[in-house]
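Below: the structure, in structure tokens.
Chains as they are written, first to last, in our numbering: chain V, 4 to 339; chain A, 4 to 339.
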């Protein structure tokens with residue numbers, strides 16, 4: 004298997020990206036194609052033992068930064084590592100693409116420039132794999148589509164269900180709508196209009212769930228519009244880091260707490276790991292015509308490695324083919 | 004000052020409600036009017052030392068439960084402790100009303116039954132005082148209005164600003180919109196349409212903020228529609244309790260962690276207290292023609308006491324008068 008990696012992706016590129024590629028090539032035995040400035044990547048790669056590893060470099064002279072506007076990059080930086088990396092998937096040279104760079108840019112290039120939507124998909128969904136207590140669920144959309152139509156949410160649910168089944172090994176994945184109450188009468192207009200469509204969709208729709216239920220593992224796929232999903236995901240992260248920073252503050256201001264924290268260190272580490280998105284590495288952009296995994300800009304080498312693992316699992320799970328088959332089935336039943 | 008308390012409000016009514024009233028009457032020197040089943044309240048009150056305290060009982064034969072539908076209770080239970088308590092405010096016998104009962108019911112009765120909207124207010128806002136790291140901000144709306152119009156959000160901001168200034172002692176309160184990014188170009192349609200209105204409102208509008216900024220104390224008033232606000236507030240609570248339950252799990256499964264946690268107990272207690280909504284007690288329903296404070300159903304006596312304190316502060320801050328003055332000023336400038 005050949006996975007293309009945007010080696011100019013993370014905030015500290017290319018060091019974590021290249022190291023992650025080395026770790027992934029060693030652990031998964033796949034070929035990783037590093038896309039980026041050839042000279043820098045060669046220099047970086049020389050720091051690692053790559054004997055018996057399959058790592059290639061494809062030159063890309065341009066880099067997309069976190070400050071680049073998504074609407075501009077599609078045409079303005081055609082030689083970027085994102086463009087060229089996605090091209091490798093588009094032309095069949097690689098089976099998946101991974102980037103820890105500018106999420107909006109990756110979404111824009113994949114949707115409007117390279118790879119493009121699967122025919123029949125209204126809007127590709129940006130997803131997150133939320134790692135609560137070690138049993139992740141897939142959240143869609145998390146920011147690509149801030150104003151949604153009900154039928155888009157149904158497609159997010161369909162694609163999320165396919166991903167949960169084929170990549171996360173969930174049987175008959177449970178689909179829920181993120182809402183302000185469990186009752187069917189709760190929710191805004193969008194939720195109210197989406198409920199009957201999901202009921203009729205043939206998916207395993209379990210209804211509305213509130214934030215407090217997510218930790219209980221009640222759902223495999225959590226659906227919302229990108230505005231709500233983005234705020235939800237960021238609030239989880241903010242509250243987590245808020246509590247951990249409050250603990251750090253206490254530890255710095257009390258000898259007693261410091262000793263206690265020392266004893267609790269393994270416990271804290273386990274808790275941190277359970278909630279650490281870097282243990283998952285990245286999440287798919289669902290609905291484009293190829294495997295695209297997007298990781299966090301702050302990713303370290305381990306997170307990059309895990310994002311490459313997601314790409315590998317998505318390729319093995321043949322999710323693109325499964326989404327296309329599903330759409331073909333719907334088209335058939337509609338025309339019949 | 005006379006504050007009416009729904010003594011059949013908390014999940015474990017009337018014990019926490021009555022004890023909270025006793026604590027409040029003692030600490031704040033105000034009169035608390037307990038509204039509820041007279042016999043039960045007399046019995047409950049007999050457990051407390053009420054010498055020199057000003058506590059009265061007003062009989063209300065009906066009780067609104069958490070399962071009652073808001074749309075039904077306005078007419079179906081006219082003798083409930085909520086109806087009669089709000090009536091005491093409506094007819095001027097009391098200056099504020101506090102309940103820890105069914106939030107939707109309290110909103111419905113206040114808006115459609117008793118007290119009613121201030122003339123000129125589109126929709127009253129349900130608020131929360133979010134106690135992050137001990138410096139709360141006011142969040143509106145948190146669930147009363149799931150689909151909002153931009154001009155409603157502007158009124159929420161105006162009322163929130165008045166409350167922050169007069170009750171929370173914030174000078175020139177900072178108003179922000181909860182959004183998926185700080186840039187002005189971020190946000191859904193509602194946010195995009197609200198930004199220019201807030202810019203023109205004369206309020207101290209600081210722009211969009213993301214969840215991660217709230218802990219930094221960047222804003223005094225955080226505005227969003229009730230769907231987003233409800234999910235945001237519940238996610239904060241869910242993530243907090245998720246982490247604390249992960250800590251408890253570790254402590255139960257490791258001697259080392261148990262000893263560490265024992266040493267960290269005072270630190271954990273301080274952190275818990277900083278994030279504990281019960282330390283604030285309740286938040287105002289803004290836009291109805293009287294002071295109404297709504298607390299959590301799970302409130303203990305201390306939380307009930309603190310909710311009564313919020314009512315007292317709101318009465319002292321003359322927020323109803325200030326909102327009316329503000330609306331009159333706008334009406335004048337529009338007609339001029």
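Ideal placement from N, C-alpha and C gives every residue a C-beta, glycine not left out.
Taking the CB atoms as reference points, tell me whether residue i and residue j lie closer together than 7 Å.
{"i": "residue 33(A)", "j": "residue 315(A)", "result": "yes"}
{"i": "residue 302(V)", "j": "residue 19(V)", "result": "yes"}
{"i": "residue 280(V)", "j": "residue 134(V)", "result": "yes"}
{"i": "residue 47(V)", "j": "residue 21(V)", "result": "yes"}
{"i": "residue 121(A)", "j": "residue 326(A)", "result": "yes"}
{"i": "residue 24(V)", "j": "residue 37(V)", "result": "yes"}
{"i": "residue 112(V)", "j": "residue 86(V)", "result": "yes"}
{"i": "residue 177(A)", "j": "residue 228(A)", "result": "no"}
{"i": "residue 212(V)", "j": "residue 179(V)", "result": "yes"}
{"i": "residue 99(A)", "j": "residue 318(A)", "result": "yes"}
{"i": "residue 308(A)", "j": "residue 26(A)", "result": "yes"}
{"i": "residue 153(V)", "j": "residue 197(V)", "result": "yes"}
{"i": "residue 232(A)", "j": "residue 150(A)", "result": "no"}
{"i": "residue 56(A)", "j": "residue 28(A)", "result": "yes"}
{"i": "residue 43(A)", "j": "residue 73(A)", "result": "no"}
{"i": "residue 284(A)", "j": "residue 249(A)", "result": "no"}
{"i": "residue 208(V)", "j": "residue 200(V)", "result": "no"}
{"i": "residue 170(A)", "j": "residue 298(A)", "result": "no"}
{"i": "residue 71(A)", "j": "residue 10(A)", "result": "no"}
{"i": "residue 267(A)", "j": "residue 263(V)", "result": "yes"}
{"i": "residue 160(A)", "j": "residue 141(A)", "result": "no"}
{"i": "residue 291(A)", "j": "residue 165(A)", "result": "no"}
Whose Cβ in chain A lies nearer than 8 Å to the Cβ of residue i?
{"i": "residue 231(V)", "result": "230, 231 and 234"}
{"i": "residue 136(V)", "result": "245 and 249"}
{"i": "residue 240(V)", "result": "214 and 215"}
{"i": "residue 129(V)", "result": "Within 8 Å Cβ-Cβ: nothing; residue 129(V) doesn't reach chain A, min ~11 Å."}
{"i": "residue 142(V)", "result": "Those within 8 Å of residue 142(V) in chain A number zero; the least Cβ separation is about 12 Å."}
Applying a beta-carbon distance threshold of less than 8 Å, which residues of chain V neighbour residue i?
{"i": "residue 226(A)", "result": "Ordered by position in chain V, no residue passes the 8 Å Cβ test against residue 226(A), which lies about 13 Å from the chain."}
{"i": "residue 237(A)", "result": "183, 213, 214 and 215"}
Tell me whether residue i sits in a helix, a strand or coil according to DSSP, three-state version.
{"i": "residue 9(A)", "result": "strand"}
{"i": "residue 182(V)", "result": "coil"}
{"i": "residue 60(A)", "result": "strand"}
{"i": "residue 66(A)", "result": "coil"}
{"i": "residue 337(V)", "result": "helix"}
{"i": "residue 46(V)", "result": "helix"}
{"i": "residue 88(A)", "result": "helix"}
{"i": "residue 231(A)", "result": "helix"}
{"i": "residue 320(A)", "result": "coil"}
{"i": "residue 36(V)", "result": "strand"}
Determine the chain A residues that contact residue i at a beta-carbon separation under 9 Å, and present them in chain order.
{"i": "residue 37(V)", "result": "Chain A residues near residue 37(V): none, gap ~30 Å exceeds 9 Å."}
{"i": "residue 44(V)", "result": "In chain order: nothing, as chain A lies at least about 31 Å away."}
{"i": "residue 8(V)", "result": "Here the premise fails: no neighbours, minimum Cβ distance about 26 Å."}
Just to make sure I have the definition right: I need the residues of chain V whose C-beta is within less than 9 Å of the C-beta of residue i. Which are they?
{"i": "residue 116(A)", "result": "Those within 9 Å of residue 116(A) in chain V number zero; the least Cβ separation is about 20 Å."}
{"i": "residue 110(A)", "result": "Per Cβ cutoff of 9 Å: no residues; residue 110(A) is ~13 Å from chain V at best."}
{"i": "residue 132(A)", "result": "Neighbours of residue 132(A) on chain V: none; closest Cβ ~16 Å, over 9 Å."}
Kindly list, in the order they appear in chain V, the residues whose Cβ is closer than 7 Å to that of residue i.
{"i": "residue 191(A)", "result": "149, 150 and 230"}
{"i": "residue 146(A)", "result": "183"}
{"i": "residue 56(A)", "result": "Chain V residues near residue 56(A): none, gap ~37 Å exceeds 7 Å."}
Would you mind telling me which residues of chain A sit closer than 7 Å to residue i, beta carbon to beta carbon, in chain order?
{"i": "residue 218(V)", "result": "241 and 245"}
{"i": "residue 201(V)", "result": "Within 7 Å Cβ-Cβ: nothing; residue 201(V) doesn't reach chain A, min ~17 Å."}
- Message: Give me the subset of the region 148-182 of chain A whose CB atoms are less than 7 Å from a CB atom of chain V, sorted by chain position.
- Response: The region 148-182 of chain A vs chain V, Cβ under 7 Å: 149, 150 and 181.
- For the region 249-264 of chain V, enumerate the residues whose C-beta is nearer than 8 Å to any C-beta of chain A, in chain order. Look at the region 249-264 of chain V: the residues with a C-beta under 8 Å from a C-beta of chain A are 249, 250, 253, 254, 257, 259, 260, 262, 263 and 264.
- Message: As an exercise, report each continuous beta strand (DSSP E) stretch of at least 3 residues that is fully enclosed by the region 100-178 of chain V, in chain order.
- Response: 128-133 and 140-143
- What are the residues of the region 268-291 of chain A that lie near chain V, defined by any Cβ-Cβ distance shorter than 9 Å? 268, 269, 270, 271, 273, 274, 277 and 278
- Could you give the uninterrupted runs of the beta strand (DSSP E) lying entirely in the region 233-314 of chain A, keeping only those of 3 residues or more? 285-289 and 294-298
- Short-range partners of chain V found in the region 291-319 of chain A, where Cβ spacing is below 7 Å: none
- At 4 residues or longer, and completely inside the region 184-229 of chain A: list those alpha helix (DSSP H) runs for me, N to C. 192-202 and 214-217
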